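Structure record follows, encoded as structure tokens.
In my numbering, the protein residues as written are 769 to 1480.
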């Protein structure tokens, strides 16, 4: 047998390349019983008999091909669209996170299936550098803070369509996982590609697509029920027709009565994704997503303050259309149209009697201001505490938010030897109702970005965007990065970028008795620097990523009370610097562990609000998460915990300015009972921790839910 192998064997030499014809180091070539890895130049050589070879590498799609006596092979790998190491958001074209020179986190359909949590914001809580704050329980306003940036400095996209309001505000609580296949999170300014609002981070959500090759529809329905009369159902169907049309439709509804009076929440959403292949090179796609929600707003129930009448309703609609033209192998064009509309209505009739409460607070000397902690409700002081009284007087109030964004964009991607050039133009109209009047402003942006491999071990990315606005004039937002690949599967990256956040429509156009807008406001500006190291250990079983960053925030918008009527001015400055660390360890084939940690320092360096020298609000110095995932053949179990440290806050009741840290534990499990039936269970806040993400707003107690999913 050995003699026969030697007779048939031959030397195979070849090179493995990525889509830009750059060498791929560390690719594994398996041919029969023989395996080898490519070197730093992407080359391989071994002796084998004719066979069918398999080429694999993290971040790339597996490729199978026949190796025979041609003796020379040039193999081009395509990027894996579902890989957690490939992103589109960072550069506008698919690229590995190492080469893009960014800090990125990716969630795939598998992550959503294992966790079984219907709220997207729950997954963002495990991303280092991000802090999610929810005012209460299900339905409570949920904000995202990234690396010291405020809650309006993160751009959220759905298949490229902005979901944030003009000025950057967004309530994450209404974003569900129904119909979602993937989510990319890029930490750091990305205004060079996306313009205003991408000042601290970008979150892009991708909807599920059908398969045009599948003429048989595939469907799924799921139902779960649990604590506090909570139930949730989802239904979906997807498929293709005539190898040209693909479709995917999803609907879901989540309902709960909540833990307190007037704590109910309901959201119903629907998603449609339709694609049509005119030819192998030209495709068109349309997406539609809408949700309708109702939320009871009981107020600061942790302090015993309850509002039995306040409610909030919202309807949000998103439309996206794009056409891709790839008639040449090196040049791809995309023409896009997007529309997003939000109507949010808050109503409080102001009924009921005044409420007077007494609270015990503890004051600790600190610089520049004393720390004030909430101890508990009570009217008798204990050692080291004092009593503070507060009376809440009900009054009628209402608020209507009505905004829409319409944008059209052209993007070209030119792939060349060693990299790709991305360029384009975007027009956007931002409109809304402010002070009972219709207002609108217009933005034009031109962007250009180049990613290039100077050598097989040095990757650079550089780009900029020129933004012209009908309100703030012209701004320039550059970004650049360089990544060095060391011999030991180690990538060292350095990046610098500028981000901008434009004012809200209210800050520009308000016309009220006590305050007016300022049309001369400049966009808030973020300058960011980052140094990161990514490494793979023990034959890629362990992956670690460490990043150090420094952000400075200037021209921050603050309300000025010194004049009447008041208005907004660009007067504040602050900074944030710190570090992030993540690790993923594949302990065994079906066992993996993950951990993340963030250390953040912040300081206000210029302010008119009396908080000079203090930390930024709701930005904990320490935060992190850990999880253990077991996924044998038919079972899945994940146990995780999050730790959030003490942070500065304000309760506007007792003068409390410090919020204690907390720990949150969750458990999720599922069983593939048959090929079509999967029961599952989920426990949130398993340790039944009593805590407040925002002072006065009690979070949900331990919650258990169970359900079943049917697929066909």
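Beta carbons are placed, not taken as given, at the ideal position from N, Cα and C, and that holds for glycine. Computed from a predicted structure; not experimentally measured.
Candidates the options, of which the one nearest residue i by Cα
{"i": "residue 798", "options": "1445, 1122, 809, 825", "result": "825"}
{"i": "residue 1161", "options": "1188, 828, 1075", "result": "1075"}
{"i": "residue 1286", "options": "1298, 1236, 1337, 1307", "result": "1337"}
{"i": "residue 1039", "options": "1254, 948, 971, 1096", "result": "948"}
{"i": "residue 1203", "options": "1258, 1275, 1183", "result": "1275"}
{"i": "residue 962", "options": "1138, 1240, 834, 1214", "result": "1214"}
{"i": "residue 1345", "options": "1316, 1005, 1273", "result": "1316"}
{"i": "residue 931", "options": "1177, 1108, 1232, 1370", "result": "1108"}
{"i": "residue 928", "options": "834, 972, 897", "result": "972"}
{"i": "residue 1073", "options": "1031, 1059, 1047", "result": "1031"}
{"i": "residue 1356", "options": "1379, 1307, 1325", "result": "1307"}
{"i": "residue 1284", "options": "1331, 1323, 1269, 1367", "result": "1331"}
Cβ-based neighbour list, residue i, same chain, cut-off 6 angstroms, excluding 5 preceding and 5 following
{"i": "residue 1130", "result": "1141, 1143, 1152, 1153"}
{"i": "residue 993", "result": "999"}
{"i": "residue 1314", "result": "1301, 1349"}
{"i": "residue 882", "result": "1404, 1406"}
{"i": "residue 1028", "result": "1066, 1069"}
{"i": "residue 1375", "result": "1340"}
{"i": "residue 1479", "result": "988, 1444"}
{"i": "residue 1004", "result": "988, 1018"}
{"i": "residue 1118", "result": "1162, 1163, 1164"}
{"i": "residue 1063", "result": "907, 1033, 1080"}
{"i": "residue 1250", "result": "1228, 1262"}
{"i": "residue 1312", "result": "1303, 1351"}
{"i": "residue 1396", "result": "1361, 1407"}
{"i": "residue 1282", "result": "1333"}
{"i": "residue 995", "result": "1471, 1472"}
Cβ-Cβ distance between residue i and residue j below 7 angstroms
{"i": "residue 958", "j": "residue 874", "result": "no"}
{"i": "residue 980", "j": "residue 1045", "result": "yes"}
{"i": "residue 1341", "j": "residue 960", "result": "no"}
{"i": "residue 1413", "j": "residue 1449", "result": "no"}
{"i": "residue 750", "j": "residue 1462", "result": "Outside the shown range of the chain, which is 769 to 1480, sits residue 750, and nothing can be said about it."}
{"i": "residue 975", "j": "residue 886", "result": "no"}
{"i": "residue 816", "j": "residue 802", "result": "yes"}
{"i": "residue 1170", "j": "residue 1201", "result": "yes"}
{"i": "residue 1267", "j": "residue 967", "result": "yes"}
{"i": "residue 1296", "j": "residue 1265", "result": "yes"}
{"i": "residue 1386", "j": "residue 1415", "result": "yes"}
{"i": "residue 1457", "j": "residue 1431", "result": "yes"}
{"i": "residue 1050", "j": "residue 942", "result": "no"}
{"i": "residue 1481", "j": "residue 785", "result": "In the structure displayed, the chain extends from 769 to 1480; residue 1481 sits before or after that span and is not available."}
{"i": "residue 935", "j": "residue 920", "result": "yes"}
Status (buried if at least 16 other CB within 10 Å, exposed otherwise) for residue i
{"i": "residue 1393", "result": "buried"}
{"i": "residue 984", "result": "exposed"}
{"i": "residue 1242", "result": "exposed"}
{"i": "residue 1210", "result": "exposed"}
{"i": "residue 1470", "result": "exposed"}
{"i": "residue 1477", "result": "buried"}
{"i": "residue 1185", "result": "exposed"}
{"i": "residue 1090", "result": "buried"}
{"i": "residue 1293", "result": "buried"}
{"i": "residue 836", "result": "exposed"}
{"i": "residue 1122", "result": "exposed"}
{"i": "residue 1255", "result": "exposed"}
{"i": "residue 1061", "result": "buried"}
{"i": "residue 1135", "result": "exposed"}
{"i": "residue 940", "result": "buried"}
{"i": "residue 774", "result": "Residue confidence is low: residue 774 scores 44 on pLDDT, short of 50, so the model does not pin down where it sits. Its coordinate-derived value is still stated next. It is exposed - the Cβ of residue 774 has fewer than 16 other Cβ atoms within 10 Å."}
{"i": "residue 1455", "result": "exposed"}
Identity of the residues DSSP links to residue i by a beta bridge
{"i": "residue 967", "result": "DSSP lists no partner for residue 967."}
{"i": "residue 1168", "result": "1113"}
{"i": "residue 1360", "result": "1354, 1397"}
{"i": "residue 1441", "result": "Paired residues: none, contrary to the question."}
{"i": "residue 1121", "result": "BP columns for residue 1121 are empty, so no partner."}
{"i": "residue 1221", "result": "1227"}
{"i": "residue 1265", "result": "1247, 1296"}
{"i": "residue 1342", "result": "1321, 1372"}
{"i": "residue 1391", "result": "1366, 1412"}
Contacts around residue i, its chain only, beta-carbon distance under 8 angstroms, and the 5 residues preceding and following it disregarded
{"i": "residue 1149", "result": "1128, 1155"}
{"i": "residue 1328", "result": "1334, 1335, 1336, 1337, 1339, 1376"}
{"i": "residue 1226", "result": "1250, 1251, 1252, 1253"}
{"i": "residue 771", "result": "Only weak support is given to the placement of residue 771: the predicted model assigns it a pLDDT of 46, under 50, and the value that follows is read from those uncertain coordinates. Excluding positions up to five away in sequence, the list is empty."}
{"i": "residue 779", "result": "813, 814, 815, 839"}
Beta-carbon proximity list for residue i, same chain, < 7 angstroms, skipping 5 on both sides
{"i": "residue 1460", "result": "1070, 1427, 1466, 1467"}
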